[in-house]
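Asks: In full-length UniProt numbering, the protein residues as written are 1 to 153.
Idealized CB from N, CA, C, for every residue including glycine.
Keep in mind it's a predicted model, so treat the numbers as computed, not measured.
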Amino acid sequence: MHNKNLGSTWKNFAYELRSFFNEWVNGVKADSFEKLSNLIITDQIKRKVTQEVKDHFIDEWSKLNSPDDLVEKLDDYDTLRSTFRSKQPRKEWHYDKQNSFKDDSAFTTNENKRLYGIIHNERDEPKCFNCSNFGHIARNCSLPKSVLICREE
């Protein structure tokens, strides 16, 4: 997706978009209205697909330029996934109080908490994400909050 530069005019932005679009159309060889229409529709469908599906089709994703081919593959994938999920047996979950982590001394002593990387505030006071002190939260912090500025160069 193309964005307008901070100091640029809208006229320049429109020119950049038009140039970008023309390069894209020439690059994908969309030499007819039908081909261009198919590419735009395919692009819109691809934008609605989850990352999991994109990862599944990673090797052929850029080659799928026909909406008919794309939706056929997506429907096949959905059918396969739903069939696979319905055949999987459900796991039985069982909670065993005697073997729970709560009763494990490795998770309850302070030395082992540090060993496992668990740092716990014994007073259960809130911790500020701004200054990392206990006793208040970032919304009530007296220190100035850091501001991130994003700009395109």
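Ignore the nearest five residues each way along the sequence and tell me which others in HIS136's own chain have a CB closer than 6 Å to its CB.
Replies: The answer, listed in chain order, is CYS128.
Asks: Tell me whether ASN38 is buried or exposed, calling it buried when 16 or more other Cβ atoms sit within 10 Å of its Cβ.
Replies: The residue in question, ASN38, is buried, as its Cβ has 16 or more Cβ neighbours within 10 Å.
Asks: Report, in whole angstroms, the separation of the C-beta atoms of LEU6 and ARG139, which I expect to be a contact under 8 Å.
Replies: So it is not a contact: roughly 30 Å between Cβ atoms.
Asks: Run through DSSP, which three-state label would ASN38 get?
Replies: Reduced to three states, the DSSP call for ASN38 is helix.
Asks: Any contact between the region 22-40 and the region 50-61? By contact I mean 3 or more CB pairs, one from each, below 8 Å.
Replies: The region 22-40, when compared against the region 50-61, does not touch it at the 8 Å Cβ threshold.
Asks: Any idea what DSSP makes of LYS48, helix, strand or coil?
Replies: Three-state result, LYS48: coil.
Asks: In the DSSP assignment, what are the bridge partners of PHE134?
Replies: Answer is LYS127.
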